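Participant:
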Amino acid sequence: MIKINNLNFGYSKHQLLFKNLSMQLSNGHIYGLLGKNGAGKSTLLKNLAGLVYAESGTLDVLGFNPAKRQPALLEQICFIPEEFYLPSVKIDAYVKANAAFYPNFDHPYFTALLAEFDIPVGQKLINMSYGQKKKVIIAFGLATNAKLIIMDEPTNGLDIPSKAQFRKIMASALTEDRCIIISTHQVRDLDNLIDTVIMLDENSVALKASVEEITNKLVFKRVKEIDDKVIYAEPSLAGYNAVMPNFHQEDSKLDLELLFNAVLAEKNKLKPIFN
Amino acid sequence: MNNTFNIQRFGLLLKRQWLEFGKIYLISLLVALGVIITFYGLALWKNIVGTHAFSERDLHFREPLFLIFGFIFISIIASNYFAHLGQKPKAIIDLLIPASTFEKFLTGIFFTSILAIASFVILFYLTDLAFVSKLRSLYHSVSSVTTYTDASGKEVKSIDNIMYFFSKNSPNLFKPLYAVPFFVTSIFLVGSIYFNKFHYIKTAISVMIFSGIWSLIIFKSGEFLFEGKVLIESEEMPLNNVSRSDGEILGVLLLVVLTAIFWSITYVRLKEKEV
Amino acid sequence: MEFRDNKAIYLQIAAYVCEHILLGKWKVDEKVSSVREMAVALEVNPNTVMRTYELLQSKNIISNKRGIGFFVAENALVNVKDYLKTQFIEEELPVVFRNVYLLNIGFDELETRYNTFVKETFNP
């Protein structure tokens, strides 16, 4: 569905943000895009949507080059930016103006999503809070039935019940012909929702693996003492939260935060495990 | 699917842009109407209430008003059209609307060069119609005689008591100037996408600097080429070897070419716009 | 459903389904929630639920009727108990044994305590 080949990208010619970044994404997955501030999460998403242009390399999104901004691709992309703008009209006016561009737009689904999010249909967009607007734009994006869903920090600005609603909605939105990519800092909001982790660090993909693969190869558990098997550990109340190679096929729950810090700190120890 | 132009999609885009900009556009029109009425009112109210006898000169404000205010109106509209692309959140939504860059560009031309110019002319025409009709009903005795040559070369004598703006300045007389408003809007349209902030001022300053440099080059090169030389008129080379209509054609051609160039730059900038 | 910290999510979901079957909420030959319904209810990725269902299928606890969905398998009750027993023996029993050993608790004492516990809890 998405093929990125040797992508080089930089906002200035001398300082590249991505160097020879390559990766493939397929249908039927929710990818969690992680990375430090400035690692290029939003930039990678913008590359996929054709909002910025790479220096070199090839990008294939649903068989199109996104840089050409062709309507046939644009109608299959739902992009939820972190900062967004909605005109000061009523929701139905907004839908009237924009939905027709998406041939698969599902009006009843849109209404159902708004109801799920507790958004009154007749309300003017300008009188809404940031979180409410975000819910409208998410509902609209999902109702387009686009094949590629790109979300940049979607849970930012959502209150606690909305985050739960969001997770439910995303769980139901994943179908076999859809590809969902979510970038986030709030790993706790989404850690049961994503099935594949993509971590950006040092101009490239530091880790791309499914949750299943990660927990097959690594085990996350509490230990009393750190021995030489431990790849990375953080002190906790009862000893340490540790990441270790999974020698005994133990089942453990992926701790995304711990993995994130482990990848940043111990990239060299983790690389051979995943290659 | 045609990814360059589709008439149905273009229609949808016009509708969408109208929903987005229509309100501001109508408000600008209302302001413009207010300004025109104010000028007419201030200039003519003494004649209308009868404290001051009407003379032909009282209507001389119309030509400068039409030209100067018309210029201001269409240039402001044009310099606003793509201005919002300077703001990331708005640009993202607009660039991702499933329509081709060409359609988005054409919509810009339609709103700035066709709708803006036409609506200004109509507003001016209607205001003039109202005020002059009133004057005509009050002052039957004032009349003026104009002679002009029509298209077939016949001299036409027209007698009118108080003349409407567009019959005094018959559109037929100014055909070569039709290119001017398009030229003006094309400059400000390109300015609206070229600059990220303060579009109007920056465009105006650029035009001034550019035309200043251009005049200087012409002047200096003329000085360099002809200084100390005497122009000799000969049979083969009459001084005025360029007839009026040839000059007009040349001028119009220049304007048309420049307009086309500015429009192409706008299109390319829109295509290359990154967020 | 609250997820615990240390156990893989797909196994926690498996335990949840097993509990439903043991408690008789889902009976033999009845349809279990679809992958999507379960994913939405638990706010997890549908692929995780799919993994759970594949595991339960391999343990003959649920069966897949093509095109219709998943159903509680014929011998589900027996198989659930088998499955939970294996899990208990492999995962929880070692922890108990470790404590029994460390704290020097004799088997006689364990047996009496076990019998009282059963009497108090299951035969009031």
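Note that the protein sequences, when read in sequence, are chains A, B and C.
So the first sequence is residues 1 to 275, counted in the UniProt record's numbering.
So the second sequence is residues 1 to 275, counted in the UniProt record's numbering.
So the third sequence is residues 1 to 124, counted in the UniProt record's numbering.
For every residue, glycine included, the Cβ atom is placed at its ideal position computed from N, Cα and C.
Being a predicted model, the structure only gives us computed values, none of them experimental.
#1: Do you know offhand how far Phe69(B)'s Cα is from Asp58(B)'s?
#2: Relative to the C-alpha of Tyr85(A), which candidate in Lys133(A), Tyr240(A) and Gln165(A) has its C-alpha closest?
#3: Can you find a C-beta in chain E that's less than 9 Å from the C-beta of Thr111(A)?
#4: Taking 9 Å as the threshold (beta carbon to beta carbon), is residue 298(A) in contact with chain B?
#5: Taking a cut of 7 Å between CB atoms, which residues from the segment 97–116 of chain B lie near chain A?
#6: Run through DSSP, which three-state label would Glu75(A) get?
#7: Confirm, please, whether the CB-CB distance from Thr185(B) to Ile77(B) is below 9 Å.
#8: On the DSSP bridge list, what partners appear for Leu200(A)?
#9: Quick check: is the beta carbon of Arg69(A) nearer than 9 Å to any beta carbon in chain B?
#10: Determine which residues of the segment 58–70 of chain C have a Cβ less than 9 Å from any Cβ of chain A, and write them out in chain order.
#11: Pick from Phe188(B), Tyr148(B), Asn2(B) and Lys134(B): whose alpha carbon is nearest that of Glu116(B)?
#12: Who are the neighbours of Phe3(C) on chain A, taking C-beta pairs under 8 Å?
#13: Looking at the structure shown, is Thr144(A) part of a helix, part of a strand, or coil, going by DSSP?
#14: When you check each C-beta in the segment 33–63 of chain A against every C-beta of chain B, which residues fall closer than 9 Å?
#15: Rounded to whole angstroms, how far is the Cβ of Ile182(A) from the Cβ of Pro154(A), which I believe are closer than 8 Å?
#16: Using a threshold of 9 Å, state whether the C-beta atoms of Phe101(A) and Glu75(A) are closer than that.
#17: Between which residues of its own chain and Phe110(B) is the CB-CB distance below 8 Å, once the five residues before and five after are set aside?
#18: Does the distance from the C-beta atom of Lys1(A) to that of Leu62(A) stay below 9 Å?
#19: At 4 residues or longer, and completely inside the segment 41–97 of chain B: list those alpha helix (DSSP H) runs for me, N to C.
#20: Since Ala171(A) and Leu193(A) are thought to touch, with beta carbons under 8 Å apart, how far apart are those beta carbons, to the nearest angstrom?
#21: Which residue spans inside the segment 184–233 of chain B form an unbroken alpha helix (DSSP H) run of at least 4?
#22: For chain A, find out if any of its Cβ atoms is closer than 9 Å to the Cβ of Leu95(B); answer yes or no.
#23: Below 8 Å on C-beta distance, what does Glu234(A) contact in chain B?
#24: Is Gly247(B) helix, strand or coil when you go by DSSP?
#25: DSSP beta-bridge partners for Pro235(A)?
#26: Are the C-beta atoms of Gly239(A) and some chain C residue less than 9 Å apart?
#27: By a C-beta neighbour count over all protein chains shown, 10 Å radius and 16 as the cutoff for buried, is Leu225(B) buried or exposed?
#28: Tell me which same chain residues have a C-beta within less than 7 Å of the C-beta of Leu56(C), skipping the five on either side of it?
#29: Let me confirm a value: Ser95(B) is counted as buried when at least 16 other C-beta atoms fall within 10 Å, else exposed. Which label applies?
#30: How many whole angstroms separate the CB atoms of Phe131(B) and Tyr40(B), which I take to be in contact at a CB cut-off of 8 Å?
#31: Distance check for Asn99(C) and Glu139(A), CA to CA, integer angstroms please.
#32: Could you tell me whether any Cβ in chain A is nearer than 9 Å to the Cβ of Leu102(C)?
#33: Going along chain B in order, which residues have a C-beta closer than 8 Å to the C-beta of Leu74(A)?
#34: If we call anything under 9 Å between Cβ atoms a contact, is Asn5(A) one with Leu59(A)?
#35: Taking buried to mean at least 16 other C-beta atoms within 10 Å of its own C-beta, is Glu30(C) buried or exposed?
#36: How is the alpha helix (DSSP H) around Met38(C) delimited, first residue to last?
Facilitator: According to the data block:
#1: In the second sequence, residue 69(B) corresponds to position 69, counting from 1. In the second sequence, residue 58(B) corresponds to position 58, counting from 1. Going from the Cα of Phe69(B) to the Cα of Asp58(B) covers about 18 Å.
#2: Residue mapping note: residue 85(A) aligns to position 85 of the first sequence, counting from 1. Residue Lys133(A) is the option with its Cα nearest to Tyr85(A).
#3: Among the protein chains of the structure shown, namely A, B and C, there is no chain E.
#4: The structure shown does not extend to residue 298(A), since chain A spans only 1 to 275, so no value can be given for it.
#5: Ile97, Pro98, Ala99, Ser100 and Thr101
#6: For the purposes of this step, residue 75(A) is taken as the residue at position 75 of the first sequence. It is coil, neither helix nor strand.
#7: As a first step, residue 77(B) is located in the second sequence; it is residue number 77 there, counting from the start. As a first step, residue 185(B) is located in the second sequence; it is residue number 185 there, counting from the start. Yes, the pair counts as a contact, with Cβ atoms nearer than the cut-off.
#8: The residue you call residue 200(A) lines up with position 200 of the first sequence. According to DSSP, which records beta bridges pairwise, Leu200(A) is partnered with Gly35(A) and Val205(A).
#9: Numbered from its first residue, the first sequence carries residue 69(A) at position 69. Taking Cβ atoms only, chain B reaches closer than 9 Å to Arg69(A), which makes this a yes.
#10: none
#11: Your numbering for residue 116(B) matches position 116 in the second sequence. In the sequence as presented, Glu is not what sits at residue 116(B); that position holds Ala. Closest option to Ala116(B), Cα to Cα, is Phe188(B).
#12: Position 3 of the third sequence holds residue 3(C). Ordered by position in chain A, the residues that pass the 8 Å Cβ test against Phe3(C) are Asn192 and Lys253.
#13: On the first sequence, position 144 is the one that residue 144(A) refers to. DSSP places Thr144(A) in coil when its eight states are reduced to three.
#14: Lys46, Ala49, Gly50, Leu51, Val52 and Tyr53
#15: As a working note, residue 182(A) is residue 182 in the first sequence. As a working note, residue 154(A) is residue 154 in the first sequence. Between Pro154(A) and Ile182(A) the Cβ distance is about 6 Å, and since that is below 8 Å, they are a contact.
#16: For the purposes of this step, residue 101(A) is taken as residue 101 along the first sequence, with counting starting at 1. For the purposes of this step, residue 75(A) is taken as residue 75 along the first sequence, with counting starting at 1. A contact, by the Cβ cut-off of 9 Å.
#17: The residue given as residue 110(B) occupies position 110 in the second sequence. If we look at Phe110(B) and ignore the five residues flanking it on each side, its Cβ neighbours are Leu14.
#18: Residue numbering aside, residue 1(A) sits at position 1 when the first sequence is read from its first letter. Residue numbering aside, residue 62(A) sits at position 62 when the first sequence is read from its first letter. Residue 1(A) is actually Met in this sequence, not Lys. Yes, they are a contact pair.
#19: 70–81 and 88–96
#20: As a working mapping, residue 171(A) is identified with position 171 in the first sequence. As a working mapping, residue 193(A) is identified with position 193 in the first sequence. Yes, they are in contact, since the Cβ atoms of Ala171(A) and Leu193(A) sit about 7 Å apart, within 8 Å.
#21: 199–226
#22: If you number the second sequence from 1, residue 95(B) lands on position 95. Closer than 9 Å: yes.
#23: Position 234 of the first sequence, counting from 1, holds the residue named residue 234(A). Those do not exist, as Glu234(A) stays about 36 Å from chain B at its closest Cβ, beyond 8 Å.
#24: Locating residue 247(B) in the second sequence gives position 247, where the first residue counts as 1. Reduced to three states, the DSSP call for Gly247(B) is helix.
#25: Residue mapping note: residue 235(A) aligns to position 235 of the first sequence, counting from 1. For Pro235(A), which the question treats as bridged, DSSP gives the partners Tyr240(A).
#26: Along the first sequence, one-based indexing puts residue 239(A) at 239. Closer than 9 Å: no.
#27: For this step, residue 225(B) is matched to residue 225 along the second sequence. By the neighbour-count rule (16 or more Cβ atoms within 10 Å), Leu225(B) is not buried but exposed.
#28: By 1-based counting over the third sequence, the position of residue 56(C) is 56. Contacts found: Ala14, Val17 and Ile62.
#29: For the purposes of this step, residue 95(B) is identified with residue 95 of the second sequence, where counting begins at 1. Here residue 95(B) turns out to be Leu, not Ser, going by the sequence shown. Label assigned to Leu95(B): buried.
#30: Looking up residue 131(B) in the second sequence gives position 131. Looking up residue 40(B) in the second sequence gives position 40. Sure, about 5 Å apart at Cβ, within 8 Å.
#31: Position 139 of the first sequence, counting from 1, holds the residue named residue 139(A). Position 99 of the third sequence, counting from 1, holds the residue named residue 99(C). The amino acid occupying residue 139(A) in the given sequence is Ala; Glu does not appear at that position. Distance between the alpha carbons of Ala139(A) and Asn99(C) is about 53 Å.
#32: Translated into positions along the third sequence, residue 102(C) becomes position 102. Judged by the 9 Å Cβ criterion, Leu102(C) is not in contact with chain A.
#33: In the first sequence, the residue the question calls residue 74(A) occupies position 74. Within 8 Å Cβ-Cβ: Leu96, Ile97, Pro98 and Ala99.
#34: Start at 1 with the first residue of the first sequence, and residue 5(A) comes out as number 5. Start at 1 with the first residue of the first sequence, and residue 59(A) comes out as number 59. Yes, they are a contact pair.
#35: The residue given as residue 30(C) occupies position 30 in the third sequence. Looking at its Cβ environment, which holds fewer than 16 other Cβ atoms inside 10 Å, Glu30(C) is exposed.
#36: The residue you call residue 38(C) lines up with position 38 of the third sequence. That run of the alpha helix (DSSP H) goes Val35 to Leu42.
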